[in-house]
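Read the structure below first, then the notes.
Residue numbers (my numbering): 678 to 899.
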């Protein structure tokens with residue numbers, strides 16, 4: 678049972694992830710079992726992702742349940758692909774198991790869970806609890822951005838609609854600028870700062886100038 682064999686199998690699994698093939702996936706899985714690589718977290722997690730992308734969630738769940746050790750990526754993969762296949766209750770069940778183990782989620786964990794809460798009747802309360810957890814852990818500023826970059830939904834606007842359905846409010850954006858050695862703080866939608874009007878007009882002039890010069894497209898400001 679050499680590290681080289683483990684590396685070779687891992688390379689095969691990752692190649693299949695980009696070019697899913699059912700028969701080859703089964704063959705590689707059999708080799709992993711025969712060679713006793715159940716304790717290889719990276720290899721098992723790659724296999725979990727491969728089965729999930731192929732749509733074999735039952736096989737993916739078996740891999741997950743048999744894993745000797747799991748990392749945060751393992752949990753996120755199973756939750757995400759359950760949600761992608763509209764198995765919202767299964768996704769929430771996995772997260773409930775995760776919570777019972779007193780583990781700390783990362784910022785990739787939450788976006789699919791918000792969608793799951795919106796897809797199951799009676800789970801809006803959990804969505805609000807999740808949002809509280811997001812803020813407590815300091816992920817409030819980039820949950821939507823992260824989910825957009827991962828392609829978890831077709832657009833950021835859809836995520837915001839889901840959050841609205843759950844009665845959630847996104848933390849307002851905040852910017853800091855230094856003027857004459859003094860730091861000024863501006864919040865999104867808040868015009869109480871004495872320089873707010875001046876700043877907005879200045880930004881508007883800069884935006885128009887950049888658009889007219891052709892330095893950037895209109896879509897960047899939509």
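Beta carbons are placed, not taken as given, at the ideal position from N, Cα and C, and that holds for glycine.
If you measure between the beta carbons of residue 772 and residue 752, is that distance less than 9 angstroms? In this structure, residue 772 lies near residue 752, with their beta-carbon atoms less than 9 angstroms apart.
Per-residue burial, residue 737 [other beta carbons within 10 Å of its own, 16 or more giving buried]: It counts as buried.
Does DSSP classify residue 870 as helix, strand or coil? Correct three-state label for residue 870: coil.
Suppose you measure from the CA of residue 680 to the CA of residue 881; what does that come to, to the nearest Å? Below a pLDDT of 50, predicted positions are generally treated as unreliable, and residue 680, at 46, falls in that range; no measurement from the model is reported.
From residue 685 to residue 703, what does the alpha carbon distance come to, in whole angstroms? Those two C-alpha atoms are separated by around 16 angstroms.
Any idea what DSSP makes of residue 864, helix, strand or coil? Secondary structure at residue 864: strand, using DSSP grouped into helix, strand and coil.
Could you give the DSSP three-state label for residue 813: helix, strand or coil? In the three-state DSSP reduction, residue 813 falls in the helix class (H, G or I).
Where residue 716 falls: helix, strand or coil (DSSP): When secondary structure is reduced to three states using DSSP, residue 716 falls in the coil class, being assigned neither helix nor strand.
On the DSSP letters alone, give me the boundaries of the alpha helix (DSSP H) that residue 800 sits inside. Note, residue 800: premise wrong, no alpha helix (DSSP H); not H, not E.
If you drop the 5 nearest sequence neighbours on each side, which residues of the same chain put their C-beta closer than 6 angstroms to that of residue 780? Same-chain partners within the cutoff: there are none.
Please state whether DSSP places residue 751 in a helix, a strand or coil. In the structure shown, residue 751 falls within a helical segment according to DSSP collapsed to helix, strand and coil.
Distance CB(residue 789)-CB(residue 760) smaller than 9 angstroms: Contact: yes.
For the putative contact between residue 725 and residue 741, defined by C-beta atoms under 8 angstroms, what is the C-beta separation to the nearest angstrom? Sure, about 6 angstroms apart at Cβ, within 8 angstroms.
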